[in-house]
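Residue numbers (my numbering): 16 to 381.
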Amino acid sequence: MNGRFHPERIVLARTLSGMTQKQTAEESGLSQAKISKLEKSFLPFAENDALAIAFATGMPLSFFEHTGSAIPMSELTYRRTSKTPMRELAAVSAECRLLSETIDGLATTLGIANPRGKLPYETYYQGVTLPLEEIEAMADATRAALGVAPSGPVRNVTRSIERTGIPVVRLSSMDHSGSGRSEGVCRPGDKEHRWFVGYRGDVSGDRSRFTKAHELGHLVLHSRRLPGTRAAMEKEAQEFAGAFLFPSLDAGMLSRSMPLRTYMNLKSGWGISISALIERAWTRKAIDADRRKSLKIQMSMRGWSKQEPVAVGPEKPILYRQLLQAAYPDAHGGVDWLKAEDSTGAPVYSLSIWAGIASAQVAEPA
Ligand SMILES: [Zn+2]
16 MNGRFHPERI VLARTLSGMT QKQTAEESGL SQAKISKLEK SFLPFAENDA LAIAFATGMP
76 LSFFEHTGSA IPMSELTYRR TSKTPMRELA AVSAECRLLS ETIDGLATTL GIANPRGKLP
136 YETYYQGVTL PLEEIEAMAD ATRAALGVAP SGPVRNVTRS IERTGIPVVR LSSMDHSGSG
196 RSEGVCRPGD KEHRWFVGYR GDVSGDRSRF TKAHELGHLV LHSRRLPGTR AAMEKEAQEF
256 AGAFLFPSLD AGMLSRSMPL RTYMNLKSGW GISISALIER AWTRKAIDAD RRKSLKIQMS
316 MRGWSKQEPV AVGPEKPILY RQLLQAAYPD AHGGVDWLKA EDSTGAPVYS LSIWAGIASA
376 QVAEPA
């Protein structure tokens with residue numbers, strides 16, 4: 016069957032809206048048996064059915080006219096354990112897929128070249144964990160590629176990434192989550208589609224900056240090579256983020272005798288958390304295991320392990336909104352949302368979150 020509407024999008028629509036087959040049946044007025052048959056292509060997917068399911072799931076009708084392929088979770092950097100629920104993984108993967116489809120569509124509409132060549136890439140041996148010196152060299156090269164000075168704080172991590180043409184986008188599927196959840200996601204090995212960096216919005220400014228630098232590390236370090244294990248990949252990205260935010264040229268100021276208060280002062284100047292600075296000092300062997308432990312104990316006694324002092328302001332991405340505005344402008348310099356929805360196949364609800372206009376959810380869903 017090669018109709019106008021693609022039945023494999025029904026499951027995607029349900030996943031994006033967090034609805035079961037039964038709920039979709041109730042909301043759409045179709046029987047559950049019929050939805051099941053439509054999903055399996057046992058029945059032709061007619062316009063009336065597409066309209067009913069679009070209405071039930073909150074998708075535009077054009078959502079079912081788009082095609083694309085599912086993103087295997089193994090290709091996403093989203094950190095997970097054996098306890099991470101399937102539902103959570105499916106929701107993140109589905110949102111990444113829809114976002115990625117819209118970014119490709121916007122870039123094609125606007126005739127924008129693929130920006131991935133602007134970032135350096137790592138070519139060290141496959142299956143080997145990178146030594147710190149190599150990671151620091153890559154972090155320095157990345158700062159240079161993004162137009163960030165070799166020394167000093169990165170003023171705005173988000174804008175720096177977006178200057179290369181890679182949208183940084185808040186994902187609603189990553190918000191309102193337990194503490195164990197991953198806070199960033201990207202797809203470094205993907206050569207077919209345009210890159211993006213997805214992040215969880217409901218965390219502090221310093222954590223969010225670190226997460227974005229971490230995902231940038233995945234893009235730089237893991238687009239053409241991989242260390243042996245997933246854990247090694249995470250370690251490399253963590254070290255990259257530390258080196259990107261607090262580069263080797265400046266890291267000499269981290270010393271064994273430095274008191275916790277100085278870490279706190281450094282945090283306000285550099286926009287990097289105290290705990291990340293302690294890790295940076297530890298990876299550089301500026302402090303030993305005992306000193307690291309003692310600093311952590313001091314932090315925990317002050318309650319700083321749960322909530323650190325010194326607020327770092329949030330960074331707002333702008334690129335995705337600019338792309339929408341350029342592709343679907345309205346008469347007042349804003350976005351023609353209905354046109355954007357119809358052309359991209361993504362609901363206004365998602366588009367406005369990705370564009371940074373709406374916040375994910377003001378209230379917890381019932
Ligand atoms: Zn990671």
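Glycine included, every Cβ here is placed at the ideal spot set by N, Cα and C.
Shorter than 6 Å, the distance from the beta carbon of residue i to the closest heavy atom of ligand 1, or not?
{"i": "T15", "result": "Examination of residue 15 is not possible in this model, given that the chain is present from 16 through 381 alone."}
{"i": "E137", "result": "no"}
{"i": "E249", "result": "yes"}
{"i": "A373", "result": "no"}
{"i": "A252", "result": "yes"}
Is residue i helix, strand or coil when you go by DSSP?
{"i": "Y335", "result": "helix"}
{"i": "P380", "result": "Any reading at P380 needs caution, since the residue's pLDDT is 47, under 50, leaving its predicted position unreliable; the model's value is listed next. P380: coil per DSSP, three-state reduction."}
{"i": "G220", "result": "helix"}
{"i": "P130", "result": "helix"}
{"i": "G142", "result": "coil"}
{"i": "G243", "result": "coil"}
{"i": "V350", "result": "strand"}
{"i": "V363", "result": "helix"}
{"i": "L235", "result": "According to the sequence shown, residue 235 is Val rather than Leu. Helix at V235."}
{"i": "G199", "result": "strand"}
{"i": "Y136", "result": "coil"}
{"i": "Q322", "result": "coil"}
{"i": "D155", "result": "helix"}
{"i": "A370", "result": "coil"}
{"i": "Y93", "result": "coil"}
{"i": "T35", "result": "coil"}
{"i": "M74", "result": "coil"}
{"i": "E207", "result": "coil"}
{"i": "E330", "result": "coil"}
{"i": "D64", "result": "helix"}
{"i": "T298", "result": "helix"}
{"i": "G180", "result": "coil"}
{"i": "I293", "result": "helix"}
{"i": "S84", "result": "coil"}
{"i": "M248", "result": "helix"}
{"i": "L53", "result": "helix"}
{"i": "S46", "result": "coil"}
For the beta strand (DSSP E) holding residue i, just list the boundary residues, first then last.
{"i": "V26", "result": "Premise fails: V26 lies in the alpha helix (DSSP H), 24-32, not in any beta strand (DSSP E)."}
{"i": "G213", "result": "212-214"}
Let me check understanding here. Comparing Cα to Cα, which of the options lies closest to residue i?
{"i": "Y278", "options": "E294, E62, S263", "result": "E294"}
{"i": "T35", "options": "I68, G360, A304, S56", "result": "I68"}
{"i": "E110", "options": "H229, S84, K98, A122", "result": "S84"}
{"i": "G204", "options": "N171, E137, S263", "result": "E137"}
{"i": "P262", "options": "S272, R102, L147, V143", "result": "L147"}
{"i": "Y335", "options": "E116, M74, I289, H229", "result": "E116"}
{"i": "G142", "options": "R307, R19, T244", "result": "T244"}
{"i": "A342", "options": "A106, S270, E251, A122", "result": "A122"}
{"i": "P168", "options": "R29, G284, R19", "result": "G284"}
{"i": "L275", "options": "F20, W319, S46", "result": "W319"}
{"i": "R158", "options": "T30, R317, L264", "result": "L264"}
{"i": "E207", "options": "R112, F70, A228", "result": "R112"}
{"i": "E151", "options": "G126, E356, L260", "result": "L260"}
{"i": "W210", "options": "I127, S270, M248", "result": "I127"}
Starting from residue i and walking both ways along the alpha helix (DSSP H), at which residues does that stretch end?
{"i": "R19", "result": "No alpha helix (DSSP H) holds R19; DSSP gives it neither H nor E."}
{"i": "R271", "result": "Note, R271: premise wrong, no alpha helix (DSSP H); not H, not E."}
{"i": "R306", "result": "304-316"}
{"i": "L10", "result": "Residue 10 lies beyond the residue range present for the chain, which begins at 16 and ends at 381; the question has no answer from this structure."}
{"i": "L125", "result": "101-125"}
{"i": "L275", "result": "275-285"}
Could you please give me the residues that DSSP links to residue i through a beta bridge?
{"i": "R185", "result": "Y214"}
{"i": "P6", "result": "Examination of residue 6 is not possible in this model, given that the chain is present from 16 through 381 alone."}
{"i": "P344", "result": "V350"}
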